[in-house]
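Enquirer: Under the numbering used here, think of the first position of the sequence shown as 6, with each following residue one higher. Cβ atoms here follow ideal geometry from the backbone N, Cα and C, with glycine treated the same way. Following this message is one structure expressed as C-alpha cells.
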Amino acid sequence: MYRLIDFVAAFFGLILAFPIFIVVYVIGLFDTGSPLFFQERVGMYKKPFTLVKFRTMSVETKSVASHLASTASITKLGAFLRKTKLDELPQLWNVLLGDMSLVGPRPNLFNQEELITARSEKAIYDVRPGITGLAQIQNIDMSTPEKLAKTDAIMIKKMSLKNYFLYIVKTITGSGAGDAVKS
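Set out below in C-alpha cells:
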C-alpha cells in the first residue's frame, strides 16, 4: 500500500513541482554551476542506489556525511534550500523509481560503517530508505548512529498510515532541522 502512495505522490509531486525545479535549477547554475548533486547511498537490503538532490554545498566539498562537512561549504542558495527543505525535492525521482519511500530511514553513505553496523543489527535495511521519518522530525541525524538506528527501528515498528502521513505533514510544516553540519 505504501509503495502505491509513494508512486502516486511522487508522480504528481514531480509534475506540480516542475516550475520550482526549473527556477532552482537555473539559480543553481549561477550559484555552483552544477545544481544537481548525485551520491551513491545504501538502499534497501544494502543495495547501492544514486540519490539525487539539489546541490547545497560548493562543488569541491568532499563526499562525506552532512555532519562531517563544514558550514563554510554551504552556498547562499544552499542555505535557503536546506532551510526550506527544497533540496530534497529531486528525491521524488528516487521515490518514483522505487529506490526510496516518502517515509523511511534516511539513506546513509557506504563509508558510515558504525551506522551500517547499528542499523544492520536492527534490520533497518529491510525497508526502503525515505525522504523523511521519525528521526528527522526529532532532529536526530547521522552523527549519533546508535540513537538514529534505535529511532529508525521504533519508526518501522510503529509504522501506520496515520504515522506515515504525520511524518510527511510535520516535515512540510517545519518540524526537524535536517542533517546537522559542523560549524
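Taking the C-alpha atoms as reference points, what is the distance between lysine 187 and tyrosine 7?
Expert: In this prediction, lysine 187 has a pLDDT of 45, which is less than 50 and means its spatial position is unreliable; what the coordinates show is noted afterwards. Each residue's Cα considered, the two are about 34 Å apart.
Enquirer: Whose C-alpha, out of Thr55, Pro53, Ile27, Arg60, is nearest the C-alpha of glycine 38?
Expert: Residue Arg60 is the option with its Cα nearest to glycine 38.
Enquirer: For leucine 48, which residues from the same chain have a beta carbon less than 7 Å from its beta carbon, with the 5 sequence-adjacent residues on both sides left out?
Expert: Note on identity: in this sequence residue 48 is glycine, with leucine being the wrong assignment. Counting only Cβ-Cβ distances below 7 Å, and skipping sequence neighbours, we find Phe54, Asp104, Pro112, Pro134.
Enquirer: Smallest Cα separation from isoleucine 79: which of Ile161, Asp36, Pro24?
Expert: For the residues Ile161, Asp36, Pro24, the minimum Cα distance to isoleucine 79 belongs to Asp36.
Enquirer: For tryptophan 98, which residues of its own chain have a beta-carbon under 8 Å away from its beta-carbon, when the five flanking residues on both sides are left out?
Expert: Here the set comprises Ala15, Leu19, Val57.
Enquirer: With three or more beta-carbon pairs closer than 8 Å as the criterion, would you say the region 128-146 touches the region 157-171?
Expert: Short answer: they touch.
Enquirer: Taking the alpha-carbon positions, what's the arginine 46 to glutamate 65 distance?
Expert: Straight-line Cα distance between these residues: approximately 19 Å.
Enquirer: Determine, using beta carbons only, whether threonine 156 and leucine 139 come nearer to each other than 7 Å.
Expert: Their beta carbons are under 7 Å apart, which means threonine 156 touches leucine 139 by this criterion.
Enquirer: Please classify glycine 179: does DSSP put it in a helix, a strand, or coil?
Expert: If DSSP states are grouped into helix, strand and coil, glycine 179 belongs with coil.
Enquirer: Return helix, strand or coil for serine 165, following the three-state DSSP convention.
Expert: Correct three-state label for serine 165: coil.
Enquirer: Hey, proline 150 and glutamate 119: beta-carbon distance below 7 Å or not?
Expert: Yes; because the gap between Cβ atoms is below 7 Å, this pair is in contact.
Enquirer: Do tyrosine 130 and lysine 81 count as a contact pair if the criterion is CB distance below 7 Å?
Expert: The answer is no: Cβ separation not under 7 Å.
Enquirer: Please classify threonine 254 as buried or exposed, where buried requires at least 16 other C-beta atoms within 10 Å of its C-beta.
Expert: There is simply no residue 254 to check, as the chain begins at 6 and stops at 188 in what is shown.
Enquirer: Would you mind working out which of Lys90, Asn116, Thr89, Leu34 sits nearest serine 63, comparing C-alpha positions?
Expert: When each option's Cα is compared against that of serine 63, the closest is Leu34.
Enquirer: Along the chain, which unbroken stretches of the alpha helix (DSSP H) at least 4 residues long are found entirely within the region 16-100?
Expert: The region 16-100 contains these whole alpha helix (DSSP H) runs: 23-36, 81-89.
Enquirer: Could you give the DSSP three-state label for threonine 149: helix, strand or coil?
Expert: In this structure, threonine 149 counts as coil in the three-state DSSP scheme.
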